[in-house]
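First the structure, in the form of structure tokens, and then the observations on it.
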Amino acid sequence: MPRGRKLFFGEHYHSLDEKGRVILPAKFREALADGLFITKSFDNCLLIYRKQDWFEMVNKMDALPITRADVRSYQRFLFGSAVEGEVSRQGRVSIPQHLRDYAGLEKDIVIIGVANKLEIWSRERYEKNIASAEQAAEIAERIAELAHRP
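Here's what the structure looks like:
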């Protein structure tokens, strides 16, 4: 991650309004002021990327071989449902219906900062999926093993 780029972190509980808009935490708004992209995650939640980070990811994906079925499938999943958005003057982001349906977003949601992106979860799904301390330790151990592979 380039130096000086603000990282997203923390858990923030909010509500969607009747038009499918959510007020973003104030500390995230400036980082998203130049625009954002919203797409699906594998975890049945949504991802919000800064416009700059999104285009960096697009460039990386463009470098992958399109002859591979798994690459094409992943690109369809990630880019096919993506929408460009912006933060309104009131600090809100509008989430289209097809993405709300995918993530099960109705009223109560959780916005989670995860380094270079935000995750938006239905509160119910998030609470069911949150890892216990024991699971988190097991996951961390597996990730550490991956980091040390040649």
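Going by our numbering, the sequence shown opens with residue 116, and the numbers climb by one from there.
Quick reminder that beta carbons are idealized off the backbone N, C-alpha and C, glycines included.
Every value quoted in this text rests on a predicted model; they were computed, and no experiment measured them.
| field | Helix, strand or coil at V198 [DSSP, three-state] | value | strand
| field | beta strand (DSSP E) runs contained entirely in the segment 126 to 204, provided each spans 3 or more residues | value | 136 to 138, 151 to 155, 161 to 165 and 198 to 200
| Close Cβ partners of Q167 (< 8 Å) along its chain, the five nearest in sequence each way excluded | D149
| Using the C-alpha atoms, what's the distance from S188 back to L233? | 23 Å
| request: Count the CB pairs spanning the segment 207 to 223 and the segment 148 to 162 that are closer than 8 Å, and state whether there are at least three. | output: yes
| With 16 as the cutoff for other CB atoms within 10 Å, does Y128 come out buried or exposed? | exposed
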